[in-house]
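Undergrad: Let me begin by handing over the structure; questions about it come next.
In UniProt numbering, the protein residues as written are 1 to 84.
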């Protein structure tokens, strides 16, 4: 999966938690979950759990703490998929 395909795979995971539809419409690697999409920290945990389920990976606490934007999420997903 390339980075663009990963963004496309993340869209349906992120959509239910997004408070800013305009920012979601222009979702890119630079999109910040909290500042741009206005996702609260509890829902960010839900997103991490949904990502784990979707990609069949385990995201540990250090990775979870740095998953604050789409770029970090993609980097973490790619690294976990390479370990499989």
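Ideal Cβ positions, reconstructed from N, Cα and C, are used throughout, including at glycine.
In terms of alpha-carbon separation, which member of 24, 84, 71, 45 lies closest to residue 149?
TA: Absent from the structure is residue 149, since the part of the chain shown begins at 1 and ends at 84.
Undergrad: Buried or exposed: residue 81, going by 16 or more other Cβ atoms within 10 Å of its Cβ?
TA: When all chains shown are included, residue 81 counts as exposed.
Undergrad: Using CA coordinates, which residue listed in 69, 84, 49 is at the minimum distance from residue 36?
TA: When only C-alpha atoms are compared, the closest one is 69.
Undergrad: Name, in chain order, the residues that DSSP records as bridge partners for residue 69.
TA: Answer is 32.
Undergrad: Starting from residue 41, follow the alpha helix (DSSP H) in both directions and report where the run begins and ends.
TA: Here the alpha helix (DSSP H) through residue 41 covers 41–55.
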